[in-house]
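As numbered in this note's numbering, residues 1415 to 1609 make up the sequence shown, in order.
From the three backbone atoms N, C-alpha and C, an ideal C-beta is built for every residue, glycine too.
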Amino acid sequence: MEEVIAVAFGYLAGSVPFAFLLARRRGVDLRREGSGNVGAANVLRTTGVSNAVVAMCLDLAKGAVAVLVAQRLSAGPATPVASGLAAVIGHVYPAWLGFRGGKGVATAAGVFAVLAPVAVVTASAVFVVAVWVTRYVSVGSIAAAVTLAVMAATGDVPSAVAVGATVAAGIIVYCHRGNISRLLAGTERRVGERL
């Protein structure tokens, strides 16, 4: 029963649309402006850096909290991993916004900052370098997700955590399929490019 509660809490925590709520305070509906994505990157495009940083930090926190609560409710890594993945899914498919949310990058970072911190540090560094070099947030996000999965798979973490990281990376890459199409077509927006 504790496992079910942990996973349900993970989804509910992940589904809190912080980016949407922060942007709405500025009179912006993220679903209708910018990229249409309900995540920190679109907050950056539509309402500025400070709001985007707050949104990212809150999305990180909800992923971490989902795992920490699950760790208190059950022994072993499987339930915290499941709760963390539920938080990522909640962020991507929030019930409150018609199951149309963000892409799960920051929430997954919060999840695995608790479960596999070394992998997250490496993935974060890859994200920064990739965005710096290419000026595409999507490239950084995809590169970081793949790095997270590889680092978890080859690192000193329980197998459940490695599997969870791979699943999370798959979700993130899937959520970026539109970005991948635009990258291939040469129409993806770079950081700082006008809408």
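With distances taken between CB atoms, is the gap from residue i to residue j smaller than 7 angstroms?
| i | j | result |
| --- | --- | --- |
| ARG1604 | TYR1550 | yes |
| THR1536 | THR1568 | no |
| LEU1474 | GLY1524 | yes |
| ALA1466 | ALA1454 | yes |
| ALA1563 | ALA1583 | yes |
Rounded to a whole number of angstroms, what is the C-alpha to C-alpha distance between residue i and residue j?
| i | j | result |
| --- | --- | --- |
| MET1565 | SER1552 | 20 angstroms |
| ARG1591 | SER1555 | 12 angstroms |
| ALA1420 | TRP1546 | 37 angstroms |
| PHE1541 | VAL1483 | 28 angstroms |
| GLY1518 | ILE1586 | 6 angstroms |
| VAL1442 | ASP1570 | 43 angstroms |
| LEU1435 | VAL1495 | 27 angstroms |
| SER1538 | MET1415 | 35 angstroms |
| VAL1479 | PHE1432 | 14 angstroms |
| SER1488 | ALA1469 | 29 angstroms |
Taking only three categories from DSSP, how would you classify residue i?
| i | result |
| --- | --- |
| GLU1447 | coil |
| THR1580 | helix |
| ALA1592 | According to the sequence displayed, residue 1592 carries Gly and not Ala. GLY1592 falls in the helix class under three-state DSSP. |
| SER1429 | coil |
| THR1601 | coil |
| GLY1554 | helix |
| ARG1549 | coil |
| VAL1442 | coil |
| GLY1418 | The sequence shown places Val at residue 1418, rather than the Gly named in the question. Residue state, collapsed to three classes: helix. |
| VAL1571 | coil |
Less than 8 angstroms between the CB atoms is what I'm expecting for residue i and residue j, so what's the real figure, rounded?
| i | j | result |
| --- | --- | --- |
| THR1521 | HIS1505 | 4 angstroms |
| GLY1368 | LEU1529 | Residue 1368 lies beyond the range of the chain shown here (1415 to 1609); nothing can be said about it. |
| ALA1501 | GLY1424 | 4 angstroms |
| VAL1452 | LEU1444 | 5 angstroms |
Fully enclosed by the segment 1451 to 1485, which alpha helix (DSSP H) runs are 4 residues long or longer?
-> You should have 1454 to 1461.
Uninterrupted alpha helix (DSSP H) stretches inside the segment 1481 to 1547 (no shorter than 4 residues) | 1492 to 1506 and 1519 to 1529
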